[in-house]
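The sequence shown begins at 29 in the working numbering and counts up one residue at a time. Beta carbons: idealized from backbone N, C-alpha and C, even for Gly. Step one of this worksheet: look at the structure below.
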Amino acid sequence: MIRTLTLSLISALLLSAGMPAAARGNRDQDNLREAAAQGQVIPLNKLIADVRSRSPYNDMTYLGGPQFDAGRMIYALKFMDGSQVVVVYVDARTGRIVGRKP
């Protein structure tokens with residue numbers, strides 16, 4: 029009985045947590061499209077090319093799959109440096125690198 033209740037509770041939590049994430053993803057894309065249409069952000073391909081032209085990223089492999097934080101208007105771009113993944117955070121409005129991990 030406790031096992032069934034626990035599984036039911038976990039399932040309900042997972043389902044309720046997944047819905048807002050999907051909705052947030054669609055909103056982020058909509059916000060990005062709107063900002064791009066209004067010229068408020070630099071096109072993604074230009075941002076990627078700019079970062080790839082800078083040292084040390086010009087010696088790294090770009091992995092693709094950029095992520096966008098619409099609230100902060102920042103892209104997370106992933107690069108491979110040897111055997112380590114490096115995430116570079118770029119301001120979508122200015123093209124300025126605002127952070128890096130690691």
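If we count the other Cβ atoms within 10 Å of its Cβ and call it buried at 16 or more, is residue i buried or exposed?
i, result
"V126", "exposed"
"M88", "buried"
"L105", "buried"
"A65", "exposed"
"A45", "Low confidence applies here, because A45 scores a pLDDT of 48, under 50, leaving its location unreliable and the question unanswered by this model."
Return the Cβ separation of residue i and residue j in integer angstroms, given the expectation that the two are a contact with Cβ distance under 8 Å.
i, j, result
"L60", "P94", "That belief does not hold up - the Cβ atoms of L60 and P94 are roughly 11 Å apart, past 8 Å."
"M101", "R121", "6 Å"
Would you report the Cα separation of residue i and residue j, rounded to the nearest angstrom?
i, j, result
"V113", "I76", "16 Å"
"Y90", "M108", "6 Å"
"D97", "K74", "18 Å"
"Y117", "R128", "6 Å"
"I70", "P130", "25 Å"
"Y85", "V115", "11 Å"
"R124", "Y103", "10 Å"
"D58", "Q68", "13 Å"
"N54", "E62", "12 Å"
Mind checking which residues open and close the beta strand (DSSP E) that includes residue i?
i, result
"I125", "125-129"
"D119", "112-119"
"L105", "102-109"
What first and last residue would you give for the alpha helix (DSSP H) that runs through residue i?
i, result
"V79", "72-80"
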